[in-house]
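Numbering (this note's numbering), first residue to last: 209 to 442.
All C-beta atoms in this analysis are idealised placements derived from N, C-alpha and C, irrespective of residue type, glycine included.
If you're wondering where the values come from, they're calculated on a predicted model, not measured in any experiment.
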Amino acid sequence: MSKKVYPDAVTALAGLLRDDMVIMAGGFGLCGIPEHLIEGIRLAGVKGLTVISNNAGVDGFGLGILLETKAIRKMVSSYVGENKLFAQQYLSGELELEFNPQGTLAERIRAGGAGIPAFFTKTGVGTLVAEGKELREFGGETYVMETGLVADLSIVKAHTGDTAGNLVYRKTARNFNPMMATAGTVTVAEVEHLVQPGMIDPDHIHTPGIFVQRIIQGTDYEKRIEQRTTRKRI
């Protein structure tokens, strides 16, 4: 068995967690979230976390379980509208929030993983997003400077991975997981299907194994849907 493969989330996170660290958590809504690794962080009891994630899960699921234990001090996100506990903690001053336009957040993470310290974008110019940030003109247009993001630990979820850490994501799970895997000092991945090296077509790999230090195979995924809207059959 590869040295990267661990039997469960708690074991895979051993020695990596501490209070006040920065963690990137992959997924989009509740799609492609590292359910087992989030639970492993909750069980570790760490506090004062800064979590970079597109959203904060929902009440009682996803990153929402870390809000329940007040493990998170600050969220760096682009959408938090599905979590009532998040709103309560933010409005009461218990939780700090750094809001980002969704595309800006994705690019900040990609830039951090690529070693790019900052970039300029038109998104947010003239709004609260640009307050306190450097503005510069290019071609007669105003742009705001955004900084790249990196983390002490990235936790990601993939559909398939091999024991060398090569990962393949499925559909919407590709929105944030791939760039987060590059932007963590250490990246721990959980996968639904764990296979041997050579069983994944190299052309299908989204995250090369060089970015992944530890990997687990998860089971019993809930894969909840945030909101289900249906209409009667005609």
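| Item | Value |
| --- | --- |
| Cα separation between F309 and G332? | One point to set straight first is that residue 309 is Pro, not Phe, in the sequence displayed. Approximately 7 Å, taken between the alpha carbons. |
| Provide the residue span of the alpha helix (DSSP H) that contains A314, from first to last. | 310–321 |
| Rounded to whole angstroms, what's the CA-CA distance from V376 to I408? Just pull it up for me. | 8 Å |
| Are three or more beta carbon pairs between the segment 258–277 and the segment 234–246 nearer than 8 Å? | yes |
| Have a look at F384 and G348 and give me their C-alpha separation to the nearest angstrom. | 32 Å |
| Please go through the same chain and pick out, in chain order, the residues whose beta-carbon is closer than 8 Å to the beta-carbon of K212, but skip the five residues on each side of it. | T371, A372, G373, G417, V420, Q421, R422, I423 |
| What is the rounded straight-line gap between the Cα of F346 and the Cα of E400? | 46 Å |
| Is the beta carbon of T329 sitting closer than 9 Å to the one on E306? | no |
| In three-state DSSP terms, what is G240? | coil |
| With burial defined as no fewer than 16 other Cβ atoms inside 10 Å of the residue's Cβ, what is the status of T368: buried or exposed? | buried |
| Within 9 Å (strictly less), CB to CB, does L238 reach chain C? | Annotation note: the requested chain C is absent from the structure, which comprises a single protein chain. |
| Just tell me which of A252, I442, K282 has its CA closest to the CA of A264. | K282 |
| Taking the continuous alpha helix (DSSP H) assigned at F444, which residues delimit it? | This structure gives no information on residue 444, because the portion of the chain shown stretches from 209 to 442. |
| Do G320 and L357 have their C-beta atoms closer together than 9 Å? | yes |
| Please state the DSSP three-state secondary structure of G373. | coil |
| Cβ of R344 within 9 Å of Cβ of T335? | no |
| Quick one, which of S210, G235, P386 has its alpha-carbon nearest R432's? | G235 |
| Taking the DSSP output, what are the residues bridged to S261? | Paired residues: none, contrary to the question. |
| Measure the alpha-carbon distance for K278 versus E339 and round it to whole angstroms. | 28 Å |
| Please return the same chain residues whose Cβ sits closer than 7 Å to the Cβ of Q425, not counting the five positions on each side in sequence. | V399, L402 |
| For K282, which of helix, strand or coil comes out of DSSP? | strand |
| If you draw a straight line from the C-alpha of G434 to the C-alpha of I260, how long is it? | Note that residue 434 corresponds to Glu in the displayed sequence, not to Gly. Cα-Cα distance, rounded: 20 Å. |
| What residue range is occupied by the uninterrupted alpha helix (DSSP H) comprising G392? | No alpha helix (DSSP H) contains G392, which is instead part of the beta strand (DSSP E) from 392–403. |
| Compare the Cα-Cα distances from V156 to each of E302, Y287, I249 and report the closest residue. | The shown model of the chain, from 209 to 442, leaves out residue 156, and the question about it has no answer. |
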